[in-house]
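With the UniProt record's numbering, the residue at position 60 of the sequence shown is 60, and numbering never jumps.
One structure below.
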Amino acid sequence: MAAAKIRKGDTVVVLSGKDKGKTGEVVRSIPKDSKVVVAGVNVATRHRKASQTNPQGGLERKEAPLHVSKVAVADPKTGKATRVRFETRDGKKVRVAAKSGELING
């Protein structure tokens, strides 16, 4: 299994779509479908009918998954989108921002 370039807890920048340019934290990663859920990005609204569990009904807003190719890790130094490179530092495999060479925590 390959090491994940984008993981839960990473700060990412959306590269395309209606939320292009938005930044958020990865809440959930779905490697099987190559998708990630980012906080406050790609929010889908569902109109819910009143029910016994939800007597009021109304609008339900929820983040929908985004394809991994639509997001890039935010550089820890600049906050701009960057690619991820793997390096061996102190005998450990670590993720490094390709633009600044800065270590990506996690």
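Quick reminder that beta carbons are idealized off the backbone N, C-alpha and C, glycines included.
Apart from the five residues on each side of it in sequence, which residues of its chain come closer than 7 Å, Cβ to Cβ, to residue i?
i, result
"Ala81", "Val13, Leu15, Ala72 and Ala74"
"His67", "Ser34 and Lys35"
"Gly24", "Val12, Val38, Ala39, Gly40 and Val41"
"Arg61", "Val43 and Thr45"
For residue i and residue j, what's the separation of their Cα atoms in angstroms?
i, j, result
"Leu103", "Arg89", "10 Å"
"Ala39", "Leu59", "18 Å"
"Glu65", "Val37", "It is Pro, not Glu, that sits at residue 65 in the sequence shown. If I take the Cα positions, the gap works out to 5 Å."
"Gly21", "Lys77", "17 Å"
"Thr45", "Gly91", "47 Å"
"Lys93", "Asn42", "32 Å"
"Lys53", "Lys5", "Before going further, note that residue 53 is Thr rather than Lys in the sequence given. Thr53 and Lys5: Cα-Cα distance of roughly 40 Å."
"Ser51", "Lys32", "33 Å"
"Gly79", "Ala98", "13 Å"
Figure out for me which residue from the options has the closest Cα to the Cα of residue i.
i, options, result
"Phe86", "Arg95, Gln56 and Thr78", "Arg95"
"Lys70", "Gly9, Lys18, Lys8 and Ala4", "Lys18"
"Arg7", "Ile30, Gly21 and Thr23", "Ile30"
"Ser100", "Gly24, Val84, Gly91 and Lys62", "Val84"
"Gln56", "Arg48, Val43 and Thr23", "Arg48"
"Glu63", "Lys5, Arg28, Ala4 and Asn105", "Arg28"
Excluding the 5 residues flanking residue i on each side, which residues of the same chain have their C-beta closer than 6 Å to its C-beta?
i, result
"Asp10", "Val26 and Val73"
Inset, instruction - Go through the UniProt domain "KOW" (5-32) residue by residue and report every complete run of the beta strand (DSSP E) that reaches 3 residues or more, in order. - result: 11-14 and 23-30
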